[in-house]
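Taking it in order: structure first as structure tokens, then the write-up.
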Amino acid sequence: MNAARENDSRRRGRAHGRLWLLASLFPLVLLAASALGAVNIGLADLWNLVAAPAQVPEIVRAVFWEIRLPRVLLAALVGAALALAGAGVQGLFRNPLADPALIGVSAGAALGAVVCFFFGWEGLLGGWLLPLAAFVGGWLAVLVLGIFNTGFAAGGTAKLILAGVALNAMLGSALGFFLFSASDDALRSMTFWTLGSCASAQWPQVVVLLIFLAIGGMLLWRNARSLDALQFGEEQAAHLGVSVVRVRREIIVAAALLVGAATAFAGTIGFIGLVAPHMARLLLGGLHRLVLPGALLLGAMLLVLADLGARTLAAPAELAVGILTAVIGGPFFLWLLRRPSSWSA
Amino acid sequence: MIPNAPSLVAEGITLSRDTRRILDRVSLAVTPGKFLAVIGPNGAGKTTLLSVLSGLLKADDGRVMLNGREISGYSPAERARHCAVMRQDNARPSGMTVLEAVELGRLAHNAADDARPLARQMLWQMDLSDLADRDCSRLSGGEWQRVAFARTMAQLSGAEASGLLLLDEPISSLDPLHQHQLLGEARRLARDGHGVLAILHDLNLTAHYADEVALLAAGRIHSSGPASEIMQPSVLSEIYGCRMTEIRDGGQRALVSLPLPSVG
Chain Y
2 MNAARENDSR
12 RRGRAHGRLW
22 LLASLFPLVL
32 LAASALGAVN
42 IGLADLWNLV
52 AAPAQVPEIV
62 RAVFWEIRLP
72 RVLLAALVGA
82 ALALAGAGVQ
92 GLFRNPLADP
102 ALIGVSAGAA
112 LGAVVCFFFG
122 WEGLLGGWLL
132 PLAAFVGGWL
142 AVLVLGIFNT
152 GFAAGGTAKL
162 ILAGVALNAM
172 LGSALGFFLF
182 SASDDALRSM
192 TFWTLGSCAS
202 AQWPQVVVLL
212 IFLAIGGMLL
222 WRNARSLDAL
232 QFGEEQAAHL
242 GVSVVRVRRE
252 IIVAAALLVG
262 AATAFAGTIG
272 FIGLVAPHMA
282 RLLLGGLHRL
292 VLPGALLLGA
302 MLLVLADLGA
312 RTLAAPAELA
322 VGILTAVIGG
332 PFFLWLLRRP
342 SSWSA
Chain D
4 MIPNAPSLVA
14 EGITLSRDTR
24 RILDRVSLAV
34 TPGKFLAVIG
44 PNGAGKTTLL
54 SVLSGLLKAD
64 DGRVMLNGRE
74 ISGYSPAERA
84 RHCAVMRQDN
94 ARPSGMTVLE
104 AVELGRLAHN
114 AADDARPLAR
124 QMLWQMDLSD
134 LADRDCSRLS
144 GGEWQRVAFA
154 RTMAQLSGAE
164 ASGLLLLDEP
174 ISSLDPLHQH
184 QLLGEARRLA
194 RDGHGVLAIL
204 HDLNLTAHYA
214 DEVALLAAGR
224 IHSSGPASEI
234 MQPSVLSEIY
244 GCRMTEIRDG
254 GQRALVSLPL
264 PSVG
């Protein structure tokens with residue numbers, strides 16, 4: 002019993018240290034991913050890009066600033082957004098299997114994008130119609146779900162989850178219809194989109210996504226203590242002073258902003274939203290002031306590494322990043338689950 | 004405010020689900036300094052009454068006044084500063100230590116800096132200091148119930164005006180020693196000037212700790228008043244449908260339930 006006591010308190014003490022460790026690993030991962038690719042950039046050149054640009058060959062400068070860096074940053078932002086949304090939704094639903102996809106936003110976004118491909122509109126508005134359609138599709142799905150965000154007596158969160166499942170199934174049917182009726186060319190674009198990719202990364206998209214990440218992240222952060230209290234159950238949380246219906250609304254809006262924007266630019270990418278928050282909980286414990294930043298960092302690093310694999314493993318061809326997220330993250334997650342000193346998930 | 008004016012007053016609470024009437028014109032008052040026990044058979048409407056009294060559930064008819072204001076007019080955070088509630092269905096979080104769980108009792112209070120020392124003090128008072136760093140998921144049911152009570156005490160501490168403590172079967176998982184400890188703490192909080200209402204099933208402990216008793220049966224207040232008047236074997240036998248008898252040990256009396264004698 003004494004040993005167990007010591008374990009729990011030592012684990013909590015180590016949690017902050019581990020969060021700092023993740024935070025210091027993050028720039029290293031970004032740096033490595035920026036250096037590696039079709040054109041490898043050496044450490045000296047990487048330094049000179051900032052310190053003495055004139056000494057770096059023109060082609061390396063162009064590759065780094067216009068292709069490599071925006072892509073690495075987009076991957077980091079998409080991974081961070083998906084993982085944050087997952088941490089919020091899992092905390093809200095108190096369900097370890099809750100995925101941000103559960104609130105319908107991914108399926109709605111996929112439907113918006115697929116409709117775009119179906120009619121051959123993906124190039125319109127300078128290529129911005131596609132992400133816009135995906136974002137709007139995701140939001141429409143979440144607005145429908147919002148109807149079911151009622152008080153306690155009506156079944157509360159359980160009803161919201163069931164409504165999400167039904168909504169996902171209906172959107173899946175519509176998606177199937179368009180896939181079934183599409184031309185071969187459109188079908189190929191649709192399939193590639195639904196497996197996810199960061200290949201279309203450009204600076205404007207990085208900036209837009211950064212803004213969404215900031216808004217969504219702040220909405221989640223200000224509800225971090227409420228999410229902790231919700232782990233006692235919604236009624237007990239209300240007695241502790243949590244405005245449950247408002248918190249539910251804010252978490253869902255945050256998740257919809259994060260997943261909607263991420264999906265709009267990178268397509269549907271699974272696994273990260275479900276597993277990165279669990280990794281954070283296993284490493285850092287259950288308090289959301291640790292879980293949220295931890296999930297953000299883990300999700301960002303996971304997707305940066307998966308995207309690195311996507312563009313190097315089969316070079317010059319490109320793999321869909323959605324294929325690689327589970328290949329890279331899965332073994333690490335299983336290892337965490339097996340470690341005796343992990344927090345219970 | 005008038006000293007000893009009731010901190011919580013319920014008048015004519017009526018609530019129906021479908022065609023079933025769950026609460027029927029229930030009126031009661033919780034007075035600062037007093038421990039009020041609500042007793043009654045399963046399904047009498049006790050937990051529903053607690054949900055209405057704590058402002059989570061709106062009654063079809065009647066009103067609930069908390070410190071002179073209708074309870075529906077409070078924001079959740081404001082309500083939490085006046086009224087601490089310990090529910091029966093408290094989920095046990097994982098990845099959270101006992102100390103951190105008790106600190107969450109201070110969620111609605113603005114000064115967060117006092118949360119940790121206060122939580123430690125409450126754990127010490129509930130004899131739980133040894134468990135402070137244990138993960139909540141690794142507690143026994145009884146230990147968790149005591150932790151939930153410590154959190155409720157932390158919430159009540161420094162409540163605006165006289166605080167209100169609502170407890171739903173707070174001792175259902177506890178051994179006899181800790182039942183006495185918890186109810187003793189609840190009574191002490193009443194003596195400190197808070198209003199305490201507890202839903203209880205143990206009639207003997209009710210007779211021992213409560214100042215006042217409200218007997219709820221089939222959604223109605225059957226009788227209410229000082230504990231010594233209500234806790235009579237004849238009344239309780241009729242309501243609960245089993246034989247109640249009284250035994251004496253020295254100066255103390257205890258209520259004991261016995262099965263009905265079998266017929267024939």
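From first to last, the protein sequence lines are chains Y and D. Count along the first sequence from 1, then add 1; that gives the number in this note's numbering. Count along the second sequence from 1, then add 3; that gives the number in this note's numbering. All C-beta atoms in this analysis are idealised placements derived from N, C-alpha and C, irrespective of residue type, glycine included. This one's a predicted model, so the numbers in the text were calculated from it and none came from an experiment.
At the level of alpha carbons, what is the spacing between residue i and residue j?
i	j	result
D/F38	D/L59	22 Å
Y/V115	Y/M191	6 Å
Y/L162	D/S160	As written in the sequence, residue 162 of chain Y is Ile, which differs from the Leu given in the question. In a straight line, the C-alpha of Y/I162 is about 36 Å away from that of D/S160.
Y/L130	Y/V166	28 Å
D/R194	D/E215	14 Å
Y/I252	Y/L93	7 Å
Y/V51	Y/L44	12 Å
D/A122	D/A157	6 Å
D/T248	D/H225	20 Å
Y/D100	Y/G274	6 Å
Y/L168	Y/L176	12 Å
Y/H17	D/M99	14 Å
Y/R6	Y/H240	Interpretation of Y/R6 is limited by its pLDDT of 48, a score under 50 that renders its predicted location unreliable; the figure taken from the coordinates is listed afterwards. Looking at the two C-alpha atoms, the distance is approximately 29 Å.
Y/F178	Y/C117	14 Å
Y/I104	Y/G113	16 Å
Y/N41	Y/G310	14 Å
Y/P54	Y/A36	16 Å
Y/L126	Y/P58	34 Å
D/H183	D/V199	16 Å
Y/A316	Y/F193	17 Å
Y/F213	Y/L285	25 Å
Looking at the unbroken beta strand (DSSP E) that takes in residue i, where does it start and where does it end?
i	result
D/A83	No beta strand (DSSP E) holds D/A83; the alpha helix (DSSP H) holding it covers 79-85.
D/Q255	255-261
D/M129	Taken as a continuous stretch (DSSP letters only), D/M129 belongs to no beta strand (DSSP E), as it is neither H nor E.
D/M247	246-252
D/P229	223-229
Leaving out the 5 sequence neighbours to the left and right, which residues in its chain are closer than 7 Å to residue i when beta-carbon positions are compared?
i	result
Y/V276	G330, F334
Y/L303	G80, I273, A277, T326, I329, G330
D/P44	A220, I242, Y243
Could you check where the alpha helix (DSSP H) with residue i kicks off and where it finishes?
i	result
Y/F136	130-147
Y/V245	245-267
Y/V57	Y/V57 -> no alpha helix (DSSP H), and no H or E assigned at all.
Y/H289	289-313
Whose C-beta lies closer than 8 Å to the C-beta of residue i among residues of the same chain, with five residues either side of it excluded?
i	result
Y/R226	H289, R290
D/G145	S176, L177, D178, H181
D/R23	none
D/L261	C245, R246, M247, T248
Y/L75	C199, A202, Q206, V207, L210, F266, A267
Mind checking whether residue i and residue j have CB atoms under 8 Å apart?
i	j	result
D/P227	D/A217	Checking the sequence, you will find Ser at residue 227 of chain D rather than Pro. Closer than 8 Å, so yes.
Y/A77	Y/L31	yes
D/L107	D/R154	yes
Y/A24	Y/F119	no
D/A151	D/A40	no
Y/L210	Y/A263	yes
Y/P294	Y/L20	yes
Y/L172	Y/A134	no
D/L239	D/N207	no
Y/A110	Y/F136	yes
Y/P71	Y/V207	yes
Y/Q232	D/A94	yes
D/R186	D/L53	Rather than Arg, the amino acid found at residue 186 of chain D in this sequence is Leu. No. Outside cutoff.
Y/V260	Y/S107	yes
What residue from the options has the CA that sits closest to residue i's CA?
i	options	result
Y/R339	Y/G173, Y/A267, Y/A215, Y/L283	Y/L283
Y/G128	Y/A34, Y/G139, Y/A265, Y/A170	Y/A265
D/Q255	D/A210, D/S78, D/L186	D/A210
Y/S201	Y/I324, Y/A84, Y/G124	Y/G124
D/R141	D/S97, D/P229, D/I42, D/D252	D/S97
Y/Q91	Y/L297, Y/A307, Y/L298, Y/H279	Y/H279
By Cβ distance, which residues of its chain are closer than 6 Å to residue i, with the 5 residues on each side in sequence left out?
i	result
D/R28	G15, T17
Y/A267	V79, G197, C199
D/M129	R149, A153
D/G166	L159, H197
Y/A301	A77, G80, A81
Y/A155	The pLDDT assigned to Y/A155 is 46, lower than 50, so where the model puts this residue is not dependable, and the model offers no usable value.
Y/Q56	N49
D/I74	G58, V67
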